[in-house]
Structure formats: structure tokens, C-alpha cells
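Chains as they are written, first to last, in my numbering: chain A, 722 to 1270; chain B, 33 to 385. Where a beta carbon is used, it is the ideal one built from N, C-alpha and C, also for glycine.
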């Protein structure tokens, strides 16, 4: 894809320091990077690897509390580390653009999309306002946004997340930059939406021969987008190679472990024979928020010791189903049965023992753990509350639980949540659920905020606990790779209804319901040709409709 | 020209040059504009004006030095965790802490510090200062200095108790409203709106003239008048905490409301509430002083800064500064508390300049 091999960006020995605890700590330790015109470089690594920091440094920018402490950043013959800030700013608006992870947070909600789009080109006198608006509409059309002539006159909250991300890409293109930095542009999107955005980004980068740095932690995504891949670990380069070589024969051990993550799969269990009573049974429930109906006629069963994965896009009602089971949102119609007994609709009316039996693990461990409470109290409280444990017995129980989630009690007993890493916090969340000695746990997107290696650790832990304690899981997720690795049964939901359900092996073998098929085929695969194949199968032009129907 | 004037300018100009040489832009600007201003002041006001500037600068330097030394002192005596926080305190904040500390010592050890009792008549009215009476006597011949020291105890103590009462009421109701929501929240909100719509001072005057002016009633009335502001803040802060997943988790566990408030919400709202406490304390303190000045607050012969200003107000017409001393004591404490609160607010909200 790199037509002319002129070097556009050359980073040498880049060192970046961050300010923490009253001293400067180096977070990027001498990274080299060369990018030619029209080339797409994928930067991958776990969180904390320095991907975004390097991406920003490519624009000669360091975040608040960070500084570039060494090395050079040469953009088209211009040394950015010594260029005055005013000149760099001009460069950033017009020749380098940045697409952030959350388009919703990056657009100003008070202005129309097209006004924000035209701001940069008008400011830099590249185009007049009217020309720029015309140009915006043309870009919207190329990015396959619906109603390209009108959509720009909407406000950011009036379009969907995937459309917003494409509008943001159009905005980045407004000045026809030489380089665009994409910082996890699809991480916050559903798989079905992600595919549209990926295709749109790839095409437009191709058409204008723009160079790009594509930052992501998702290997399958980067395989579709990038010509070159660079793997980073804790601010150091691990290796760099062109996409195919990297996928087929990674050199370093670390890269191989990244590749291997997706291989975790446990044997599928099947339902007990005969008419065993399911531990939780959702019986034809309807639910609504105010006048908006969000669940319609939803039924499924969860048997003891088994994992039921509930999948669907955002807005499909999978989390609402969980809220109905826990009693946070009393269903308008239908019953929730627990081991054959009907549960009161609201959690306030349930007995202490009923509450104890069903526990929940949250997606965001940051908000699920009280930052001002010690780990020992977070885990100890359910044991104290339900089991009446006190003093030494309570301490022993907490130690036992910490051992169970593979954290060293002597280290973690008296710490606070903000001192822990994301994966450790999630483990504490699991321990808190276990402390109640439940028979059923709802896992609400428990791994989606975590890095792949960490997420795999959590999945293995959950699997081990299930075998040891005979727990039943309801696993809410939009990530089908997770479903593949741990589910026994799958429930597919769409717009508040159950589309299809059954054992995993049946669900993953054709024939599928068309929606299940769409979900399955939208999961990125490691094959660099995957995106092309999928688009061809669906017919490129109606990809938008394909996702909507 | 004498040595003082020559030394004065030499110091300023020398300082400016040094600042310019070491590229300290702000210091240079301050020093050099002071030099230029001094030329004008020296011509207009003569040597006396320059003396005044020197004394003011000396006082400022003294305050700065005290603040710096006090901060170092606190850092050394406190534990590692607190010391780390204290090290970030600006000089204004540590100056405020120093003043508050001094007032606290004065208030607590008043009988030991004051040379006379607060209502002992020891000389004739309006006696000028001498070695025995450092600040002279008031309109009944009582020692001003002793009354000032006792006043610290009475006025500050009263304001503290009243603010604490306002906080107990406001925080409790605010938390309950945030947790319960629904009609209770709405009802409390409207009641609070009604109370807040009546101007505080007038409401206090009205209630005091109905119920009479004894200290208990004074504290209760001030507590009730200031509780609504606390309620609003608490309601807003707790409202942000209540939506967190850990509150939902505790609710699903079956925890009661009292546990939620005490263990889950309160620890996450302390920073803004402490800052608000300082701020409210200033208002309450001024209200107490104001009521005393109007004769409806602390009753004689109890020493109180507000009433001390009123009692000695006649002296103003004779060009005496005696009535301004209790007023200055009020001002100094309010400013100091605000310095500390500013720093706390800055820390808790992460506000930038």
C-alpha cells in the first residue's frame, strides 16, 4: 500500500517521563519508529504499554504530567521536539490528526457535527466554510454514513456511536492530513458496528493515501488494518514486523503469549439428565423503563454448575435481564424462579438468604469497589453480614477467600482498592461475591475492561471456582471469543427479545438464526483477509443495512 | 537624604538587579515596580511613607516566615501520610493554620493567658494602654486584652457548636434524602427551599425576638438557619456517590440505610464536606458577631468580639483604634479559615488556578 517510500515520520530513541509521587518516572524507554507515506502501523500492547503516549508524541505532544525527555521525533523533515509550541499546534490541526477512543466524549455536545468538522480547515484557511461543508458531506458519503447531506446538521447525541466514530474520522480527514493517529477507535463499539467503522477507516485511509498509526489492544483488529505491527510492553518495543510475518511467525515469547490468549477453552458441560430443577429460571418476563419497553417475553434457565452466556449488542436488554433477576428492576410481567421457588419481584422484599444465593460481579471494578474501604472489609462484610462471622473467624475467612482468588492475604489484607491493578480489583469483586457463599453469580461484562492476558486469568479463575464450588454463572458479554471459551449454553438477545438459545456447540455450528450469524461473522479473526472476505460475502455497499437488519 | 532612604533604595534596586540576573521574572517585576512607586511615594509622603512601606514589607515577611516555619513544624511532628499532604500546602494555607492554632490555644487556655477575669472592672473607663493593660480598658474599665482572649473562647466556641449542629442536621437529612429518593427527597427539597428563601439575618432576628436570647436558643436557631445549605451540598455530593455500583452491591446485599450512609457514602463525601465546614464556619461566625453587635447575640457581661465592637464604637469618633481590634480579630480568623479552605477545596476538587 505504500506507494512512494518517502519517510514521513521518524522517531528515534524516544523517551517519555511521567510525573508520579513527586518524581519523574520514565514510562517510554527509547522507542524507534519509522513510518512511510501511506503506510499504516499498528501499535499493540496491554494498557500501560505506552501506546497512546507514543501516539501523542508522534504529534509532538505530551499529556499533562508527561514530558518528552529524550530522542527525536521527525515529521516530514521537521524536528518536533525542538519546534516551538505555536508551530507544532499549526501542524497538529492541519497535517496530523487524532481520532480518540470515545467519540462521544471528544465531540462538543453543544455544536453540530458539521460545524465542528469545518472548524479546523476554516481556521487554517485551507478552505472556505461553504467549500468545507461540501467536502464534509462528500467525506460522510465516502464513509457510508446514512443521509450524508443532512447528518452533519445533527448534534452529537442525535447519532449512534458507530456513526459518531465515522464522523470523527471524517473530521480528522477535513484538512487532508498526512498522518492520522487512531487511538482505539472501535474499542467502545459493538462487534456489528465495529465492522462498519473498520471498513470505513481502511477505505478512506487507502483512498487519500494517508499514513496512519493504529493503536489497539485487539490483535484481530490490527491484523485487518495495519501493514506493519509493532508490539510494545511497558514502554519498550518487543518486536516489529509486517503484518503477515508477525501473525504467522512471531519471534518473541511475549508476542506468542498474546497470540495464545485466544486459545483458552474449557470442555463444555451439558445439562443434567431428566427434569432437574434449574437453579435460576427466568419465566416469560417483560420489563420496561418508564414507558420504554426493554424486555419482551424473555425466558431462559440456568442449571447448577453451568455457565449460560447472554450475548447481544448494547441495548439488546442483556443487562436489564440481570437487573430483573437481582430484583433491581421488578419485571412488569412474568416470574423469576430460584431453585423452583418464585422470588419476590423487588430485592427489598426478598429474604436475606434469597439475596445471599444470587451475587453479582460488575464490569467496572473501579466503581464496584468502594475506594475508601479496606480490602479486608470489602470481602469481610458479606461474610459478617450473612454468616455472622466475627474476630478471628472473620479474618480467617477473608484470608481463605484471598487465597481462593490467588492473591496473597498478607499483602492485600489491609490495602485500599485504588492501590490495586485492574485485574486485582476484579478478583476482589469476585471474592466479595464468593464471600456470600452463593450458588448463582451474574458476571456482567467482567472481562471487557481488562487486557487480554489479565482477562484470560480471570476467566480461568472463574472456571476453577465453578468446578470447586459448583457455581452457576450467568455470563453477560458482547465478546463472542469469551463465550467460546467458557460458555455451556448461549442465549442470543436482540432488542429485548431472545432470538435463539441452546447449547454452545449447537449455537456455533450452522444453520444459525440470521442475527446470530451476523454476530458470529462480525467477530474479527486473525486472518488479515478476514475483513475483505466478510465484506465480500455481505456485499460492500449494503454493509450498513446488513448490520441494522 | 539620610541613611535610611539611601539604604531603602539601594536594597530595592539591588534586589531588582539580582532578580533580573537570575531570571526571576515575577520577583523582579514586584521589586522594580515597588521601586518606581516608592519614588512617587517618597516625594509625596516623605520619609514616613517609606517607613510605612518598610514596616508593611517587614510584617509580610514575618507572616511568610512564620507560615513557612509552622509548615515545617507540622511536617516534622505529623506522620508520614499527613506530612506528604502538608508539604503541598501553600504558604497562605499554613499561615491560616498557624492563626487557627493560635486562636485555639487562646480559647482553650483563656483563664491562664488572660491577666484579669472577663468581667472584672479594674480601672476607669477608656483607660489608655499601659504595662498592666496591654490594650487599655473598655467603656466600663475592664481589661481589653483579657476580654479579647475570653472573646476567642466565647465567640469561636459558639460559632463552632452552631456550625456543628447545622452539619449534623444538614448532613443527616441530605444523606437520607439521597439514599431514599422519591417523595422524601422531594419533600425535604421543598422545605429547604422555603427556609432558604428567607434572608438569614432577618430570620434569626425574628426568631430571637420570639424565643428570647439565651445561648442554647441562639445555637439552635443558627444551626437551623445554616442546615439547608449543608443539606443541599450533601444531597448533591451523596447523589453522585449513590449511583456507584458499590452502593448497588451493598443494597443488593440487604444492607440497611444507616449502614449505607455511615460506611459507604460518608467516607466518599468527607473532602467536600470538610471544606464546606470551614466555609460555613466563617458565615456562622460572622452572623454570631453581627447578632452580638446588634445586641441579640451573646449577652453582657460575657466577652464577645461582636459586642465588644459595639460597646467601644463611640471611641471611633476620637480617632482611637480600640474598637477595631476585636473587628480585626474577627477578620483575621475569617481570612485564615478561608485560606485553609481554599487549599482543601483545591485538593479535593483538583481545581487548577
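Supposed close pair residue i, residue j - CB separation, criterion 8 Å
i, j, result
"residue 265 (chain B)", "residue 308 (chain B)", "5 Å"
"residue 979 (chain A)", "residue 961 (chain A)", "That belief does not hold up - the Cβ atoms of residue 979 (chain A) and residue 961 (chain A) are roughly 14 Å apart, past 8 Å."
"residue 941 (chain A)", "residue 763 (chain A)", "Not confirmed; about 11 Å, so no contact."
"residue 319 (chain B)", "residue 254 (chain B)", "6 Å"
"residue 299 (chain B)", "residue 1093 (chain A)", "4 Å"
Helix, strand or coil at residue i [DSSP, three-state]
i, result
"residue 1044 (chain A)", "helix"
"residue 1276 (chain A)", "With chain A represented from 722 up to 1270, any question about residue 1276 (chain A) goes unanswered, as that position is not in the structure."
"residue 222 (chain B)", "helix"
"residue 1195 (chain A)", "strand"
"residue 212 (chain B)", "helix"
"residue 875 (chain A)", "coil"
"residue 1088 (chain A)", "helix"
"residue 1116 (chain A)", "helix"
"residue 1267 (chain A)", "The pLDDT assigned to residue 1267 (chain A) is 41, lower than 50, so where the model puts this residue is not dependable, and the model offers no usable value."
"residue 1224 (chain A)", "strand"
"residue 35 (chain B)", "helix"
"residue 739 (chain A)", "strand"
"residue 839 (chain A)", "helix"
"residue 1109 (chain A)", "coil"
"residue 863 (chain A)", "helix"
"residue 129 (chain B)", "helix"
"residue 267 (chain B)", "helix"
"residue 734 (chain A)", "strand"
"residue 1005 (chain A)", "strand"
"residue 946 (chain A)", "helix"
Residue i: first and last residue of the uninterrupted beta strand (DSSP E) it sits in
i, result
"residue 1022 (chain A)", "1013-1023"
"residue 765 (chain A)", "761-765"
"residue 1056 (chain A)", "1054-1059"
"residue 747 (chain A)", "744-757"
"residue 970 (chain A)", "Segment: none, residue 970 (chain A) is in no beta strand (DSSP E) and carries neither H nor E."
"residue 1028 (chain A)", "1028-1032"
Heavy atom of the ligand FAD within 7 Å of residue i beta-carbon
i, result
"residue 210 (chain B)", "The ligand FAD is not among the ligands present in this structure, which contains no ligands whatsoever."
Start and end residues, alpha helix (DSSP H) containing residue i
i, result
"residue 1134 (chain A)", "Note, residue 1134 (chain A): premise wrong, no alpha helix (DSSP H); not H, not E."
"residue 1235 (chain A)", "1235-1243"
"residue 788 (chain A)", "No alpha helix (DSSP H) holds residue 788 (chain A); the beta strand (DSSP E) holding it covers 787-796."
"residue 304 (chain B)", "302-325"
"residue 1080 (chain A)", "From DSSP, residue 1080 (chain A) is part of no alpha helix (DSSP H) but of the beta strand (DSSP E) over 1079-1082."
"residue 1214 (chain A)", "No alpha helix (DSSP H) holds residue 1214 (chain A); the beta strand (DSSP E) holding it covers 1210-1215."
"residue 1206 (chain A)", "1201-1207"
"residue 899 (chain A)", "Premise fails: residue 899 (chain A) is in no alpha helix (DSSP H) and is neither H nor E."
"residue 817 (chain A)", "Where residue 817 (chain A) is concerned, there is no enclosing alpha helix (DSSP H), although the beta strand (DSSP E) it sits in stretches over 817-820."
"residue 106 (chain B)", "57-109"
Where residue i falls, given that 16 or more other Cβ within 10 Å makes a residue buried
i, result
"residue 53 (chain B)", "exposed"
"residue 273 (chain B)", "buried"
"residue 286 (chain B)", "buried"
"residue 1172 (chain A)", "buried"
"residue 757 (chain A)", "buried"
"residue 128 (chain B)", "buried"
"residue 835 (chain A)", "buried"
"residue 215 (chain B)", "exposed"
"residue 1267 (chain A)", "Per-residue confidence for residue 1267 (chain A) stands at a pLDDT of 41, beneath the threshold of 50, marking its modelled position as unreliable; the derived number appears in the next sentence. Buried, by the Cβ-count rule."
"residue 1215 (chain A)", "buried"
"residue 325 (chain B)", "buried"
"residue 772 (chain A)", "buried"
"residue 49 (chain B)", "exposed"
Beta-carbon neighbours of residue i, restricted to chain A and to distances below 7 Å
i, result
"residue 285 (chain B)", "1076, 1103 and 1106"
"residue 217 (chain B)", "Simply none; closest approach about 17 Å."
"residue 277 (chain B)", "1083, 1085, 1088 and 1089"
Neighbour list for residue i in chain A, Cβ cutoff strictly below 8 Å
i, result
"residue 207 (chain B)", "In chain order: nothing, as chain A lies at least about 15 Å away."
"residue 281 (chain B)", "1081, 1083, 1089 and 1153"
"residue 296 (chain B)", "1091 and 1094"
"residue 289 (chain B)", "Chain A residues near residue 289 (chain B): none, gap ~11 Å exceeds 8 Å."
Partner residues on chain B for residue i, Cβ-Cβ distance less than 8 Å
i, result
"residue 1093 (chain A)", "299 and 300"
"residue 1047 (chain A)", "284"
"residue 1073 (chain A)", "286"
Within chain B, the residues that residue i reaches when beta carbons sit closer than 9 Å
i, result
"residue 1068 (chain A)", "283, 284 and 286"
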